[in-house]
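Engineer: Sending over a structure as structure tokens; questions will come in a sec.
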Ligand SMILES: [Zn+2]
Ligand SMILES: [Zn+2]
């Protein structure tokens with residue numbers, strides 16, 4: 007029988023020494039693929055770039071349960087030095103999921119299929135879509151995710167069965183006007199006037215206030231060296247957030263319309279482009295309840311905390327969007343994590359990893375064993 011607590015720390019320590027950026031997780035993927043192969047999984051690597059999938063088949067037919075972990079680190083500049091750091095804890099997520107895979111393989115599953123998905127490039131939000139394009143979830147019935155949470159959201163010994171990420175998107179806008187001499191502005195169309203109109207129009211957008219949502223201009227670039235000339239090109243960027251996908255759709259449509267219409271008020275034209283979209287979380291209620299039971303059984307009733315709503319985005323939710331009927335849930339795991347995710351000095355209590363592994367094993371056992 008595998009010693010879960012020491013195995014997960016051993017896996018974590020290896021992965022922690024291999025921080026690699028999105029789509030460059032070669033050493034990470036090689037370690038994870040080797041670990042799965044050794045445990046008896048049928049492994050395919052280089053999926054969607056550096057992704058790895060392991061498959062363990064039970065003796066009887068049953069559901070396909072998948073666990074997904076992300077593998078990438080973030081680029082940070084510390085004391086003038088650029089480096090990749092696992093400041094979002096994806097080394098922890100991968101270590102937990104690998105250990106779950108190893109522990110379940112050691113005792114075997116009686117039915118169905120366990121599919122272990124190691125996904126590249128979550129931070130740049132391209133990895134999940136690559137895995138989907140490669141068919142990673144076409145046969146999957148249930149998909150589970152897990153991530154460490156900052157101390158404000160959950161303490162060590164606590165976990166939520168439902169971490170509700172919001173939807174987010176960037177809209178880039180390019181405004182075109184007509185250049186002119188500063189002395190003859192009536193012959194031009196000043197894109198700075200258009201951009202100012204856009205800012206006001208966007209700030210006047212309203213959606214249902216019971217759902218957290220926001221849109222704001224995050225970049226404005228216009229004008230150049232010639233301070234005595236009317237500029238004819240401006241670039242804007244807008245950051246959009248919403249906790250529900252329907253509200254995000256509405257916000258996106260209203261923002262695109264506001265940008266184009268506001269620019270048109272002075273005769274300028276605007277073209278918009280959506281970048282970096284991620285959908286909001288949509289989970290299966292039964293699966294959340296089952297995950298809640300698993301958390302209670304491992305951490306005790308006091309360890310189960312209700313759903314956490316976070317404005318951060320996660321590309322995990324593209325899997326659900328890609329396959330209607332796919333049941334998903336995503337566990338937020340307390341780890342006394344400080345000072346916060348994406349901080350280069352992020353640290354957490356390593357005891358959390360054993361809890362995460364045991365919760366996932368319990369949850370998977372409810373579907374694939376017995
Ligand atoms: Zn992150
Ligand atoms: Zn993360």
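Residue numbers (our numbering): 7 to 376.
Just so you know, even glycine gets a beta-carbon here, dropped at the ideal spot from N, CA and C.
Just so we're clear, the structure is a prediction, and the values are computed from it rather than from any experiment.
1. Put residue 386 into one of helix, strand or coil per three-state DSSP.
2. Since residue 155 and residue 340 are thought to touch, with beta carbons under 8 Å apart, how far apart are those beta carbons, to the nearest angstrom?
3. As an exercise, report each continuous beta strand (DSSP E) stretch of at least 3 residues that is fully enclosed by the segment 264-326, in chain order.
4. Taking the runs of the alpha helix (DSSP H) that are 4 residues or longer, which of them lie wholly in the segment 111-141?
5. At which residues does the beta strand (DSSP E) containing residue 247 begin and terminate?
6. Between which two residues does the beta strand (DSSP E) containing residue 34 stretch?
7. May I ask whether a heavy atom of ligand 1 can be found less than 7 Å away from the beta carbon of residue 171?
8. Look up residue 155 in the DSSP assignment and give the residues it is bridged to.
9. Name all residues in chain order for which at least one heavy atom of ligand 1 lies closer than 7 Å to the residue's CB.
10. Using only CA atoms, which one of 362, 271, 373 lies nearest to residue 98?
11. Straight-line CA distance for residue 152 to residue 325?
12. Is residue 323 near ligand 4, in the sense that its beta carbon is under 7 Å from a heavy atom of that ligand?
13. Where residue 187 and residue 159 are concerned, what is the direct C-alpha to C-alpha distance, given to the nearest angstrom?
14. Check whether the Cβ atoms of residue 318 and residue 82 lie closer than 8 Å to each other.
15. For residue 96 and residue 22, which I take to be in contact (beta-carbon distance under 8 Å), what is that distance rounded to the nearest angstrom?
16. If you follow the alpha helix (DSSP H) that residue 16 is in, where does it begin and where does it stop?
17. When you compare the CB positions of residue 211 and residue 257, do they come within less than 8 Å of one another, or not?
18. Rounded to the nearest angstrom, what separates residue 134 and residue 236 at their Cα positions?
19. Looking at ligand 2, does it come within less than 7 Å of residue 187, judged from the CB to the closest heavy atom?
20. Please specify which runs of the alpha helix (DSSP H), each continuous and at least 4 residues long, are wholly inside the segment 49-96, giving them in chain order.
21. Tell me whether residue 76 counts as near ligand 2, meaning its Cβ is closer than 7 Å to at least one heavy atom of that ligand.
22. Taking 8 Å as the cut-off, decide whether the C-beta atoms of residue 13 and residue 105 are in contact.
23. Pull up the DSSP beta-bridge partners for residue 374, would you.
24. Quick one: give me the first and last residue of the beta strand (DSSP E) that residue 184 is part of.
25. On a Cα-Cα basis, can you pick out the residue from 321, 335, 255 that is closest to residue 291?
26. Using three-state DSSP, classify residue 165 as helix, strand or coil.
27. Look at the alpha carbon of residue 33 and the alpha carbon of residue 255, and state the distance between them as a whole number of angstroms.
28. Take the Cβ of residue 261 as the centre, count every other Cβ of all protein chains shown within 10 Å, and call the residue buried at 16 or more, exposed below.
Structural biologist: The relevant details are as follows:
1. Missing from the structure shown is residue 386; the chain here goes from 7 to 376 and no further.
2. Taking the first residue of the chain shown as 1, we reach residue 155 at position 149. Taking the first residue of the chain shown as 1, we reach residue 340 at position 334. Indeed, because the Cβ distance is near 6 Å, the residues count as touching under 8 Å.
3. 275-284, 314-316
4. 133-139
5. Taking the first residue of the chain shown as 1, we reach residue 247 at position 241. 239-248 is the extent of the beta strand (DSSP E) around residue 247.
6. Locating residue 34 in the chain shown gives position 28, counting from the first residue. Residue 34 -> not in any beta strand (DSSP E); alpha helix (DSSP H) instead, spanning 32-44.
7. Here the question's residue 171 lines up with position 165 in the chain shown. No, ligand 1 has no heavy atom inside 7 Å of this Cβ.
8. The residue you call residue 155 lines up with position 149 of the chain shown. Residue 155 pairs with 340.
9. 80, 94, 128, 129, 347, 348
10. Residue 98 sits at position 92 when you count from the first residue of the chain shown. Answer by Cα proximity: 362.
11. The sequence position of residue 152 within the chain shown is 146, counting from 1. The sequence position of residue 325 within the chain shown is 319, counting from 1. Cα-Cα distance, rounded: 14 Å.
12. As far as ligands go, the structure on display features ligand 1 and ligand 2 and does not contain ligand 4.
13. Residue numbering aside, residue 187 sits at position 181 when the chain shown is read from its first letter. Residue numbering aside, residue 159 sits at position 153 when the chain shown is read from its first letter. Distance between the alpha carbons of residue 187 and residue 159 is about 56 Å.
14. Translated into the one-based positions of the chain shown, residue 318 becomes position 312. Translated into the one-based positions of the chain shown, residue 82 becomes position 76. It is not a contact, given that the beta carbons lie outside the stated cut-off.
15. The residue given as residue 96 occupies position 90 in the chain shown. The residue given as residue 22 occupies position 16 in the chain shown. Not quite, the Cβ-Cβ distance comes to about 10 Å (not below 8 Å), so this is no contact.
16. The residue given as residue 16 occupies position 10 in the chain shown. Counting along the chain, the alpha helix (DSSP H) containing residue 16 begins and ends at 10-22.
17. The residue given as residue 211 occupies position 205 in the chain shown. The residue given as residue 257 occupies position 251 in the chain shown. A contact, by the Cβ cut-off of 8 Å.
18. Within the chain shown, residue 134 is the residue found at index 128, counting from 1. Within the chain shown, residue 236 is the residue found at index 230, counting from 1. Between residue 134 and residue 236, the C-alpha separation is close to 44 Å.
19. Along the chain shown, one-based indexing puts residue 187 at 181. For ligand 2, not one heavy atom lies less than 7 Å from the Cβ of residue 187.
20. DSSP runs (the alpha helix (DSSP H)) wholly in the segment 49-96: none.
21. Here residue 76 refers to the residue found at position 70 of the chain shown. Flag set: Cβ of residue 76 near ligand 2.
22. Taking the first residue of the chain shown as position 1, residue 13 is located at position 7. Taking the first residue of the chain shown as position 1, residue 105 is located at position 99. For residue 13 and residue 105, yes; Cβs fall inside 8 Å.
23. Here residue 374 corresponds to residue number 368 of the chain shown, with the count starting at 1. Answer is none; residue 374 lacks a bridge partner.
24. Walking along the chain shown from the start, residue 184 turns up at place 178. If you look at residue 184, you'll find it isn't in any beta strand (DSSP E); DSSP assigns it neither H nor E.
25. Translated into positions along the chain shown, residue 291 becomes position 285. That would be 335, whose Cα lies nearest to the Cα of residue 291.
26. In the chain shown, the residue the question calls residue 165 occupies position 159. Strand at residue 165.
27. By 1-based counting over the chain shown, the position of residue 33 is 27. By 1-based counting over the chain shown, the position of residue 255 is 249. Whole-angstrom Cα-Cα distance: 39 Å.
28. Within the chain shown, residue 261 is the residue found at index 255, counting from 1. By the neighbour-count rule (16 or more Cβ atoms within 10 Å), residue 261 is buried.
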